[in-house]
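Number of protein chains: 2
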Amino acid sequence: MNQPQTPRILIVGGGFGGLNAARALRRANAEITLLDRQNHHLFQPLLYQVATAALSPGDIAAPLRKVLERQRNCTVHLAEVASIDLHARRAITTTGATYDYDYLVLAAGSQTAYFGHDDWPARAPGLKTIDDALDIRRRYLLAFERAETESDPQARRRALTFAIVGAGPTGVEMAGAMAELARQTMRRSFRRLDTRDARIILIDGNHRVLETFPPDLSARAARDLERLGVELRLGRHVTAVEADAITIGAGPDAARIETTNIIWAAGVQGVPLAATLGVPLDRAGRVIVNPDLSIPNHAEAFVIGDLALAKDASTGKQTPGVAQAAMQAGRHAGRIIANEIASSPPPPRGGGQADAQRQPGGGASPHPVSPSQPPLRASVPSSLRPFFHYKDKGELATIGRARAVANLNRLHLGGYPAWLLWALVHITYLIGYRSKLLTLLNWAWLYLFYDRGVRLITGRDTNP
Amino acid sequence: MNQPQTPRILIVGGGFGGLNAARALRRANAEITLLDRQNHHLFQPLLYQVATAALSPGDIAAPLRKVLERQRNCTVHLAEVASIDLHARRAITTTGATYDYDYLVLAAGSQTAYFGHDDWPARAPGLKTIDDALDIRRRYLLAFERAETESDPQARRRALTFAIVGAGPTGVEMAGAMAELARQTMRRSFRRLDTRDARIILIDGNHRVLETFPPDLSARAARDLERLGVELRLGRHVTAVEADAITIGAGPDAARIETTNIIWAAGVQGVPLAATLGVPLDRAGRVIVNPDLSIPNHAEAFVIGDLALAKDASTGKQTPGVAQAAMQAGRHAGRIIANEIASSPPPPRGGGQADAQRQPGGGASPHPVSPSQPPLRASVPSSLRPFFHYKDKGELATIGRARAVANLNRLHLGGYPAWLLWALVHITYLIGYRSKLLTLLNWAWLYLFYDRGVRLITGRDTNP
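Line by line, the protein sequences give chains A and B. Here the first sequence is numbered in my numbering, starting from 1 and rising by one per residue. Here the second sequence is numbered in my numbering, starting from 1 and rising by one per residue.
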């Protein structure tokens, strides 16, 4: 089997970052273990299309086992890491299993941030997982079902008001898609209800939508949204979230909007796992990493993607929490590890522990948990490694049918060209030919017939 | 708007029966309301393919509003009927809303039957809804994930043993698909585990699989199943279902199989709604109907599909609980009603109650619930109507890739020809071109690459 000295690489998270790190290590003579709490890689940029009934979950999710099936040096385990002991070089899962490593790539991502309002998540769900998307889809479609049979005009208005908090790409794309769904796709499906009465309200504390984009594209996106009937409420923050209303602004300026449908796209923070590292985090719970993406004083441990606060070594600019950045960081970390493994054959290890890399928790394990081993590999010092430089290829956001904005740094595009580019880029980066094909087909269908095929209410209605 | 005397037709259930009844009434001068507790029509014959990761729910489900969008005399409401008052001609929903009718088509279907074992449903889930299918898919895929990291050989064997109870078409198709998924699709996805170690056990109290088929086709199906590695345990009934085992047979003959994965495909019974009618039911909870499919002494109320015990007027043969029979019965009932409405203009009604057909429950309603009205229409007596004759076009069941059996009454087919016929028939009856196209595409993918694209674990794990 494996030589005892084969280096063990642990990748936590199978998103854009983790997957690209694994692929960069495909030729490495190493034992790679990739852990994820889901069994699939999720193409998050299109998750809002699952929430708005355009795509099925299976179109944008790929089983991690399938994706990495041919990479024989990589094992996938379905497991949620609860904590990481940087000194012992060990990850412990929620079920108590332990994974020792020589190199760690931590790519566990982010979660929806509510800025300390613990009662808001239940009232204003976010969009991070397939279950989140199906939950939003169910709430959205149920709102129309209820409005159709509701005779109290006020309750009906409340049911048909949708407040989306956060006018970044996710919020903008969700608002546009929800407006199209109401005004076009579902219009002829109801008898009593005029679905065009639905109000889609996009809220942001900033004074413009898509604030990371140049102002001209923000203006273009705002105009496109308003043409679709989306109401913009900008420049004021959300101050209260109730079960049937949301308040923006404070004092005499405050506006309370009655709605039973609030969606939170206002921000993310690092997953709580980061706090178990015992290293400095920024306010958003991200790990402040070295220029090579390793953790200070732990050259063997990298943090990449949404969970890292990385600054470009030359410009000092913060790397954004987008798919492109995570992919580039994953490749960067993977290549560093691959090079170090290739250039320095590891010293022989304590003896025959290779098979015990994974230690299932509890006393039932035939392999008792091995005592903490001394650090096995002297990594190259962080400062001698290549630094990470984020290559910003631009930003894209779609507002709806044939409406999008593209910031290609020097070139700013809107309308149809931007929309075509958006579609092309997303199809290109979707993993697997099956996903590409099905997504293209569904988009063609939507484009030709204004028909969103996945208008299904499934799952339990946990918040009736 | 509608004339007060426009007859009100209430259809309960949007399955094959209800949908075909609605369509047969498309030219009727009537106010049709179709109620379903789901917002979609579900193509149940392919539901096992959602449970076995070949298709997405959106491929085989069509929103009822979309399906009936153009039928302007038909309104769809998402509602679950709790009881029906045949004398008042009124349905009451679980939320207290009431629907008065002149004609009723009750097509509420069946549910999984456990023959009085109230603790079995949680341990051995059935397959009736999309949520059921996603639940089975999650349990199936999780079993392999757990086995991959399980070091106790006995627990591992238990996790990889799948017991399917009931060797009718659903059980046979599920067993075949699960065997293919384990032995072919997932084989290269695991590192420690040999997925071919998975045991798929098909259990039935009958001495042959597919007992409604001719014996030669049962034998053929059994041979095909065994070639796929399915173990058949026939001729003994299930006597105990525990959390981690199932027992078949009794006394010294009893066999206890350790498994944490039990799927119930052993039988159905009419939904509990039938019991609220106050008319005779058979042992399976089905309404015993007249030869025209109406309820005895209630010529205005029809029961069709799985909820009816209908006998062919000439042969006395019981109509089977299959899609074909429900579709034919739906058309039969719909045509009778359409003819009676067309031939006898209804007498004027008490006055201005048309808008009050639907009465949302609770005191908030602006329309108070109208007092029970006298029967409004004298229906044609049941005995003077055309009788229902089920035209049996044959039976099909697929075992796996290029394996199926087809009983076309005189012609018995197996293997590739039967499989092609099976695929053709199912694509033909799938509702909507989008569903047909996506399903065909997914099948082509599965056929060419042995790849089941929807291997996603989603939803909450309610039974860990």
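No residue lacks a Cβ here, since even glycine has one placed at the ideal position from N, Cα and C. In this text, all values refer to a predicted model and were calculated from it rather than measured experimentally.
- Within the segment 319 to 348 of chain A, there are no complete beta strand (DSSP E) runs of at least 3 residues.
- When rounded, the separation of the alpha-carbon atoms in Arg196 of chain B and Tyr48 of chain B is 21 Å.
- Distance between Leu34 of chain A and Val303 of chain A, taken at the CA atoms: about 14 Å.
- Leaving aside the five residues that flank Ala323 of chain A on each side, the residues in its chain whose CB is nearer than 8 Å to its CB run, in chain order, Phe16, Gln44, Pro45 and Tyr429.
- Here the alpha carbon of Ser151 of chain A sits roughly 39 Å from the alpha carbon of Ala310 of chain B.
- Between the alpha carbons of Asn339 of chain A and Arg27 of chain A lies a distance of about 10 Å.
- Per DSSP, Ala301 of chain A lies in no alpha helix (DSSP H); the unbroken beta strand (DSSP E) holding it starts and ends at His298 to Val303.
- Straight through space, the alpha carbons of His389 of chain B and Ser314 of chain B are spaced by roughly 8 Å.
- Counting along the chain, Ile399 of chain A sits inside the beta strand (DSSP E) bounded by residues Glu395 to Gly400.
- Taking 3 residues as the minimum length, the beta strand (DSSP E) runs contained wholly in the segment 247 to 318 of chain B are 255 to 258, 261 to 264, 268 to 270 and 298 to 303, in order along the chain.
- Contact of Trp443 of chain B with chain A is not assigned, every C-beta pair being separated by 7 Å or more.
- Of the candidates A:Arg187, A:Val289, A:Glu242 and A:Thr161, the residue whose Cα lies closest to the Cα of Val230 of chain A is A:Thr161.
- Cβ atoms of Pro7 of chain A and Asp102 of chain A come within 8 Å of each other, at about 4 Å.
- Interface flag for Ile136 of chain B against chain A is unset, since no Cβ pair is found closer than 7 Å.
- Beta-bridge analysis with DSSP links Ala163 of chain A to A:Ile201 and A:Ile262.
- Contact annotation for Ile457 of chain B against chain A: Gln38, Asn39, His40 and Leu78 [CB-CB distance below 8 Å, chain order].
- Straight-line spacing of the CA atoms in Pro280 of chain B and Val287 of chain B works out to 6 Å.
- Under DSSP, Ile9 of chain A shares a beta bridge with A:Ile32 and A:Tyr103.
- For Ala406 of chain B, the enclosing beta strand (DSSP E) starts and ends at Arg403 to Leu408.
- Distance from the CA atom of Tyr99 of chain B to the CA atom of Gln328 of chain B, rounded to whole angstroms, is 26 Å.
- Chain A has a Cβ within less than 7 Å of the Cβ of Glu145 of chain B.
- The segment 290 to 307 of chain A makes no contact with the segment 399 to 412 of chain A: fewer than 3 CB pairs, one atom from each, lie closer than 8 Å.
- With respect to chain A, the C-beta atom of Thr112 of chain B has no partner C-beta closer than 7 Å.
- The shortest C-alpha to C-alpha distance from Arg452 of chain B to any of B:Ala51, B:Ala22 and B:Arg23 is the one to B:Ala51.
- The criterion of a C-beta distance shorter than 7 Å is satisfied by Tyr450 of chain B and Gln184 of chain B.
- In the DSSP assignment, Gln111 of chain B falls within the unbroken beta strand (DSSP E) covering Ser110 to Thr112.
- For a Cβ distance threshold of 7 Å, residue set Gly58 of chain A lies close to Val454 of chain B, ordered along the chain.
- The beta strand (DSSP E) runs lying completely inside the segment 148 to 192 of chain A and spanning 3 residues or more are 161 to 165, given in chain order.
- When C-beta distances to chain A are compared with 9 Å, the residues of the segment 65 to 90 of chain B below that value are Arg65, Lys66, Leu68, Glu69, Arg70, Arg72, Cys74, Thr75, Val76, His77, Leu78 and Ala79, in chain order.
- By the CB criterion at 7 Å, Leu86 of chain A and His298 of chain A fall inside the cutoff.
- Counting the other Cβ atoms within 10 Å of the Cβ of Tyr433 of chain B gives fewer than 16, which makes it exposed.
- Counting other Cβ atoms within 10 Å of its Cβ, Gln154 of chain B stays below 16 and is therefore classed as exposed.
- Of the residues assessed, Thr93 of chain B falls on the buried side of the cut-off, its CB having 16 or more other CB atoms within 10 angstroms.
- Taking 8 Å as the Cβ-Cβ cut-off, the segment 168 to 189 of chain A approaches chain B at Met186, Arg188 and Ser189, given in chain order.
- Asp85 of chain A sits in a strand when the DSSP states are folded into three classes.
- Nearest CB-CB separation between Ile257 of chain B and chain A: not below the 7 Å threshold.
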